[in-house]
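Here the structure comes first, spelled out in structure tokens, and everything after it is commentary.
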Amino acid sequence: MSVSLAGVLLMTVPAMAGDATTVHPELWPKGSSPLPTDPLIESRIQALLAKMSVADKVGQMVQADIKYVTPDDVREYRLGSILAGGNSKPPGQPYPTASHWQALSDAFYRASMDTSAGGQAIPVLFGIDAVHGHNNLVGSTLFPQNSALGATRDPQLIHDIGEVTARELRASGINWTFAPTLTVPQDVRWGRSYEGYSQNPALVAQYAAAMIGGLEGKLGTPQFLDAEHVIATAKHFVGDGGTRDGKDQGDAQISEAVLRDVHAAGYPPAIKAGVQVVMVSFSSWNGVKMAGNKALITDVLKGRMGFDGIVLGDWNAHGQVPGCTNEDCPAAYNAGLDMLEAPDSWKGLYKNTLAEVKAGVIPMSRVDDAVTRILRVKMRLGMFEAGLPSANPLVVRSAQVIGSLAHRALARRAVRESLVLLKNNHSVLPIDPRKHILVAGDGADNISKQNGGWTLTWQGTGLTNANFPGATSIWAGLQAQVQAAGGSAELSVDGDYKQKPDVAIVVFGEDSYAEFQGDLPNLAYRPGNDHDLELLRRLRGQGVPVVAVFLTGRPLWMNREINAADAFVVAWLPGSEGEGIADVLLRTRDGRIANDFHGKLAYAWPRSAVQVPVAALARGEHPQFPYGFGLTYADSGNTGPLSEDAGIALSAARAGVYFTHGKPAQGFALHLTGANGAAMNVVAAPAATADGSLHISALDYKAQEDARNLSWSGSGGAGVALVAPEPLDVERETNGDVLLVTTLRVDAVSPGGTSIGVRCGVGCSGQVPVGQQLAALPHGQWLRVGIPLKCFRDAGAHMSRLDQPFEWSSHSGEQIAITDVSLGTVADRTLTCTPHGDKP
47 MSVSLAGVLL MTVPAMAGDA TTVHPELWPK GSSPLPTDPL IESRIQALLA KMSVADKVGQ
107 MVQADIKYVT PDDVREYRLG SILAGGNSKP PGQPYPTASH WQALSDAFYR ASMDTSAGGQ
167 AIPVLFGIDA VHGHNNLVGS TLFPQNSALG ATRDPQLIHD IGEVTARELR ASGINWTFAP
227 TLTVPQDVRW GRSYEGYSQN PALVAQYAAA MIGGLEGKLG TPQFLDAEHV IATAKHFVGD
287 GGTRDGKDQG DAQISEAVLR DVHAAGYPPA IKAGVQVVMV SFSSWNGVKM AGNKALITDV
347 LKGRMGFDGI VLGDWNAHGQ VPGCTNEDCP AAYNAGLDML EAPDSWKGLY KNTLAEVKAG
407 VIPMSRVDDA VTRILRVKMR LGMFEAGLPS ANPLVVRSAQ VIGSLAHRAL ARRAVRESLV
467 LLKNNHSVLP IDPRKHILVA GDGADNISKQ NGGWTLTWQG TGLTNANFPG ATSIWAGLQA
527 QVQAAGGSAE LSVDGDYKQK PDVAIVVFGE DSYAEFQGDL PNLAYRPGND HDLELLRRLR
587 GQGVPVVAVF LTGRPLWMNR EINAADAFVV AWLPGSEGEG IADVLLRTRD GRIANDFHGK
647 LAYAWPRSAV QVPVAALARG EHPQFPYGFG LTYADSGNTG PLSEDAGIAL SAARAGVYFT
707 HGKPAQGFAL HLTGANGAAM NVVAAPAATA DGSLHISALD YKAQEDARNL SWSGSGGAGV
767 ALVAPEPLDV ERETNGDVLL VTTLRVDAVS PGGTSIGVRC GVGCSGQVPV GQQLAALPHG
827 QWLRVGIPLK CFRDAGAHMS RLDQPFEWSS HSGEQIAITD VSLGTVADRT LTCTPHGDKP
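Numbered continuously in our numbering, the sequence shown closes out at residue 886.
In structure tokens form, the structure reads like this:
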């Protein structure tokens, strides 16, 4: 199946008449709801609206996260929906199974139907980010991430993946997914690029209809929104893939024509396929936040395109609309959002919205429109008749449904179809499985790494293979097929071997990330860390043919690694079925080609670390490998040496890393401030403040002098701080579960009090007292200790301009050791905001 490149270069279309934020609805695609008006549903809605109080209606318009809401809250506030964010799980179950989700779903459903305290019985919707299968469920089938699926050019496969995802969701008691993502990434420095199918809007448009048809069932058939299908969500409306410099939650500074023809390409087919929810983006269009853009939400999406389902906000995105906070935003409702995602701010939002509706700030007509849409979707799904989520027939058979052999076979096929071959010199592939094969690299036997972000945790980190029952690592898949053919396979992460191999397969790539954690300043792969490159070169230097298997969410500048390998395979983020790699790389025992390469690049590959291929192509420059490139075994000819000029100086600077291996990150400085207020810059250890109140020395943690010991003495408080080379903007990271993580060892805690904080210029800071919590930690033991960034915001810091992103203040008697300080989402211990409960 071929896909037109029409629209790929539309970023060069000139702006339309008028200012940069003027919307011309008449120039957008005209449509209407593909579902004919159902008089029975509409009359039921009107009858129910007539019985609902204002409080009942407002409750329907607020969505809370399960980490911050209970069934009792749903019963009291009559909330219309709940969600499970990336790090939100059933209480006490960090890695939940189907029974955990089922029990939680039932509890919330019962609460929503309980009218003992008044209100109407309206079943609660339960939404979750099932973005590459049911990725929050232990034992589920995990499919390749979307950037991999784009390489398959197979809409039917996408449809079938949607069906399987829906079945596994329903089997766990959940009826709504925040998928598919219809972004059209134009700059893969953006950390969410792997959530997009392609840079090509035509391909995204095809996949939109296919995935929604799979998740919801085919429109016009009895299967549409039946008990085996779920509500789908088209997201993020609109332009999130076109932000300047690929910045997450950034600003798409583009014409209306580009916004329409590139970034909105997936929405008309999504609406035509019957999608029931559209999620509005965090991002802006020419400086206007989408969550407050009435012209695009109400006039275009609802009016011109005819969308009659729920328009949903993203995670506290309404709080970024000018004049709004997370707990108060009439502007978002008035712009056309029907439901605001207020995970941890829902109670304040509910109370303020209720007051604003009663005061007429939010018109009752707007409220009734929002609630009508919410009830319409619930009735289309049959929620008023379905009963408990656990009554679904798929729940009864969940053990046979979730992670079934048929489902895993589909995921394995998706892996095979998504692999892209960039180089195959001397026809080193396919490999004779009867040989002795070395499998090396840190991705070889790492199921978490081959899945990437949005996998059991938000960032996909902190996991082991044991968290993935039924899944297959790439190593395990290769080993099984090699042994079955009579060959031998040897696993060695670092590439050392007992017997010289006939060929080496080296599996390496990006570590797991999601959202801002994956944002990059350029497209260099692991700048400043050549470990993987050196492994490839060392094996090849030993006369071993080398096949590189690259795990990644996006194209990166890899010319050195491609040159160092005889064959180079882009495996993307293949999911749970690693054996799909072996299916293509290995011949059969009798020498036949079992499966040829099928995948074609859905994103052009950069020629240098600073080349953004889509923008470069618009300037007449060529990428290293163009959109649509992908070799097969039938292709002849070798790939010549590629330029190893990155276009920039490669360094180890990484966003969100402030202190690493006992030293300040590139550009950062380490300051000590004594009890007398005098500050000094630490250039080497040991060192001490002039008054002797704070001493710093080097010590060994995992390597020589890769940590620093800090010791307080004397009278008065002293502190250590990391000073950024320029003010840091971590405002968007503050909106969620992001932590300031310090890898440390507590040896003694001062009775005089300890605080961890940040500074944002003269007279601006946020300090969190932590002495009592530190005292409760095991002493003498290395731990990753995290503090939510929102604690510093709540303590008064302006998180958009931090000049000191880490400060530790204490008194005599304190002794700690620190090796790393960075932003993250995983910690061994998470401290709480304790403005009143800890000694300052």
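No residue lacks a Cβ here, since even glycine has one placed at the ideal position from N, Cα and C.
As the structure is a prediction and not an experimental result, all values here were calculated from the model.
Could you tell me which of the options sits nearest to residue i, measuring between CA atoms?
{"i": "L347", "options": "D384, P376, N362", "result": "D384"}
{"i": "I551", "options": "S538, K495, Y747, R426", "result": "S538"}
{"i": "P136", "options": "K113, R124, S158", "result": "K113"}
{"i": "P547", "options": "L632, Q588, E561, S436", "result": "Q588"}
{"i": "T211", "options": "A194, P190, G196, A197", "result": "P190"}
{"i": "L509", "options": "D874, W74, M107, T880", "result": "D874"}
{"i": "Q861", "options": "I742, L203, Q109, S761", "result": "I742"}
{"i": "L768", "options": "W854, C810, L696, A273", "result": "W854"}
{"i": "N492", "options": "A526, Y240, F554", "result": "F554"}
{"i": "Q670", "options": "P687, A680, D681", "result": "P687"}
{"i": "S689", "options": "R458, N755, P652", "result": "P652"}
Against chain B, does residue i count as a neighbour if the rule is that its beta carbon must be under 8 Å from one of theirs?
{"i": "V703", "result": "The structure shown contains no chain B; it is built from a single protein chain."}
Buried or exposed for residue i, going by 16 or more other Cβ atoms inside 10 Å?
{"i": "L451", "result": "exposed"}
{"i": "Q657", "result": "buried"}
{"i": "E431", "result": "exposed"}
{"i": "V729", "result": "exposed"}
{"i": "T267", "result": "exposed"}
{"i": "V814", "result": "buried"}
{"i": "G883", "result": "Confidence in G883 is poor, its pLDDT being 37 and thus under 50, which makes the residue's placement unreliable; the coordinate value appears in the next sentence. With fewer than 16 Cβ atoms within 10 Å of its Cβ, G883 is classed as exposed."}
{"i": "D865", "result": "In the sequence on display, residue 865 carries Thr and not Asp. That one is buried."}
{"i": "Q505", "result": "buried"}
{"i": "A52", "result": "Bear in mind that a pLDDT of 37 at A52, under 50, signals an unreliable position, so the model cannot answer this."}
{"i": "T878", "result": "exposed"}
{"i": "H668", "result": "exposed"}
{"i": "A96", "result": "exposed"}
{"i": "Q92", "result": "exposed"}
{"i": "V26", "result": "There is no way to answer for residue 26, as the model of the chain reaches only from 47 to 886."}
{"i": "K318", "result": "buried"}
{"i": "M57", "result": "Because M57 sits at a pLDDT of 41, beneath the cut-off of 50, its placement in the model cannot be relied upon, and the following sentence gives the value as read from the coordinates. It is buried - the Cβ of M57 has at least 16 other Cβ atoms within 10 Å."}
{"i": "K76", "result": "exposed"}
{"i": "E463", "result": "buried"}
Does the Cβ-Cβ distance between residue i and residue j come in under 8 Å?
{"i": "D345", "j": "P71", "result": "yes"}
{"i": "A655", "j": "A721", "result": "no"}
{"i": "V776", "j": "L716", "result": "no"}
{"i": "S856", "j": "V787", "result": "no"}
{"i": "T501", "j": "N181", "result": "yes"}
{"i": "S444", "j": "A217", "result": "yes"}
{"i": "P389", "j": "G131", "result": "yes"}
{"i": "V324", "j": "F270", "result": "no"}
{"i": "G859", "j": "A794", "result": "yes"}
{"i": "S239", "j": "S193", "result": "yes"}
{"i": "Y141", "j": "V177", "result": "no"}
Quick check on the DSSP output: the beta strand (DSSP E) that includes residue i runs from which residue to which?
{"i": "G852", "result": "The question names Gly, but residue 852 in the sequence shown is Phe. Its beta strand (DSSP E) spans residues 850-856."}
{"i": "S538", "result": "534-538"}
{"i": "I862", "result": "861-870"}
{"i": "L647", "result": "No beta strand (DSSP E) holds L647; DSSP gives it neither H nor E."}
{"i": "G555", "result": "549-555"}
{"i": "W618", "result": "613-618"}
{"i": "L524", "result": "Per DSSP, L524 belongs to no beta strand (DSSP E); it is in the alpha helix (DSSP H), 520-531."}
{"i": "T344", "result": "T344 -> no beta strand (DSSP E), and no H or E assigned at all."}
{"i": "F172", "result": "171-174"}
Residue i lies in the alpha helix (DSSP H); which residues open and close that run?
{"i": "V784", "result": "From DSSP, V784 is part of no alpha helix (DSSP H); its letter is neither H nor E."}
{"i": "W392", "result": "392-404"}
{"i": "P732", "result": "No alpha helix (DSSP H) holds P732; DSSP gives it neither H nor E."}
{"i": "Q446", "result": "444-447"}
{"i": "P117", "result": "117-123"}
(message) Counting beta carbon pairs with one atom in the segment 603-623 and one in the segment 732-752, are three or more of them shorter than 8 Å?
(response) no
(message) So, does the segment 205-223 touch the segment 254-264, judging by three or more C-beta pairs under 8 Å?
(response) yes
(message) Would the segment 470-478 count as touching the segment 102-120 if we require 3 or more Cβ pairs under 8 Å?
(response) no
(message) Count Cβ pairs between the segment 481-489 and the segment 633-641 that sit closer than 8 Å; are there 3 or more?
(response) no
(message) Would you call the segment 146-155 in contact with the segment 77-97, where contact means no fewer than 3 C-beta pairs closer than 8 Å?
(response) The segment 146-155 makes no contact with the segment 77-97; the number of CB pairs closer than 8 Å stays below 3.
(message) Would the segment 756-763 count as touching the segment 810-825 if we require 3 or more Cβ pairs under 8 Å?
(response) no
(request) Could you tell me whether the segment 284-299 touches the segment 225-245, using the rule of 3 or more Cβ pairs below 8 Å? (result) In short, these stretches touch, since the Cβ pair count reaches three.
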